[in-house]
Amino acid sequence: MKLFVTSFLLCSERLVHLDTERHAVYVIVPLNGYQTSLGFYPEADAVTAALALDTLKQLFSHTAAPSAADPRYLVSVQENGTLLDIAGPTGITANTEAYAVAPDGTHYLLDTANDDLYTVDPASGVATLWSHYAYDFVDGDFVITQDDKLVYLNATDGQIVLIDLGDNSVNVDVALKLPTNAYLNGTVVVGEDLAFNQNYTGLALLQLSGDDTYFAFDAANSLLYRFTLDPFAFAKVDAGTNTMFSFGYGDAASCPLDEIVPPVTPPVTPPTTPPSTPPTTPPSTPTDPSGPTANTGTGVNRLCIKIKKGLFARPFSFGSHF
């Protein structure tokens, strides 16, 4: 797999998309619609529509296999463009369609064919069944939030499913649903019975302005949507100067949540005030005792000394001494 991946490209509020139709990986900046390819890989390097970015900003995927009996491996994409098989195999018997790394570093793979969620050891490549669910997963993708919630997006009907990984409870709220749309002459037409609907194959999560913002990839129409859950709202992302995005069936990932931090507010520096100069204390001038000599009446003349002005008290200022 010839990809030229750098940590710089994979963060700073960017999305990553694995396109298994074009055998390429793209970086997308959702705020301005800029899309660029990280490189292409040969068709022989078959990976599933599963892509994840860990807390160290390393890309991972999962190999495909023609049958359940064939082994599948966790793979990491190296920065020099090579594909490294992690020791394994994983033990998963289906071609997984969704992959995510939780903020705590746990790797999760979703077997949508059997509705099973696995955790995977990134060192050994071995998968462990986390839970089987009664919900019928249909391709799609998922992310893990900071509060340990799995947010899954159904590929065909746009249903958003919330799973609490603490107790594995599944919440299917029909109100949390992206529309299935067809595009006629560039106009969005909403309707469940339209032949050319969306195919949500990728989901990514960024924290923008401190809020969780989700990005859904529509592989059928090469469109990108953004949405929030609280409150639930969605909109199409403008592709900017690209006119439209260009990506096919695949999977999405985003910069680790713990890498996206609000800008550091510099400390407020108080204005510099020049030191104030205290008023100059005038020198103390002793009272001049000169005058008639007093006589105590004892016959001894007491000498009265006249102190010269300024002899013992010199004026000074605090000025620049402090």
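Everything in the sequence shown is counted per our numbering, starting at 40 for the first residue and increasing by one. Beta carbons: idealized from backbone N, C-alpha and C, even for Gly.
By the CB criterion at 8 Å, residue 57 and residue 293 fall outside the cutoff. Partner residues in the beta bridge of residue 257, as assigned by DSSP, are 239 and 262. Cβ neighbours of residue 145 within its own chain (closer than 7 Å, five residues either side excluded): 158.
Residue 217 is not a Cβ neighbour of residue 191, given a cutoff of 8 Å. Around the CB of residue 100, 16 or more other CB atoms lie within 10 Å, so the residue is classed as buried.
Bounds of the beta strand (DSSP E) holding residue 170 are 166-171. In this structure, residue 276 and residue 264 form a Cβ contact; the two beta carbons are roughly 6 Å apart against a cut-off of 8 Å. Scanning 206, 65, 256 and 241 for the CA closest to the CA of residue 149 turns up 241. A distance of 8 Å or more separates the beta carbons of residue 177 and residue 153.
Here the alpha carbon of residue 66 sits roughly 16 Å from the alpha carbon of residue 60. Shown here, residue 216 sits in a strand according to DSSP, grouped into three states.
Distance from the CA atom of residue 261 to the CA atom of residue 255, rounded to whole angstroms, is 11 Å. Between residue 125 and residue 161 the beta-carbon gap is near 7 Å, inside 8 Å, which marks them as a contact. With a contact defined as Cβ atoms closer than 8 Å, residue 172 and residue 209 qualify at about 6 Å. Each residue's CA atom was taken as its position, placing residue 273 and residue 267 some 7 Å apart. When DSSP states are grouped into helix, strand and coil, residue 100 belongs to the strand group. When DSSP states are grouped into helix, strand and coil, residue 58 belongs to the strand group.
According to the DSSP assignment, residue 198 belongs to the beta strand (DSSP E) that extends over 198-203.
The DSSP-derived three-state label of residue 250 is strand. In the structure shown, the three-state DSSP call for residue 210 is strand. For residue 269, there is no enclosing beta strand (DSSP E), as DSSP marks it with neither H nor E. Taking 8 Å as the cut-off, the Cβ atoms of residue 214 and residue 180 do not count as close.
The alpha carbon of residue 97 has as its nearest neighbour, out of 75, 103 and 140, the alpha carbon of 140. The residues 189 and 209, in chain order, have a CB closer than 6 Å to that of residue 202 in the same chain once the five nearest residues on each side in sequence are set aside. Residue range 180-183 is occupied by the beta strand (DSSP E) that includes residue 181. Here residue 167 is exposed, its C-beta having fewer than 16 other C-beta atoms within 10 Å. Inclusion of residue 142 and residue 185 in the CB contact set at 8 Å is warranted, their separation being smaller than that value.
With a beta-carbon spacing of about 7 Å, residue 55 and residue 90 fall inside the 8 Å limit used to define contacts.
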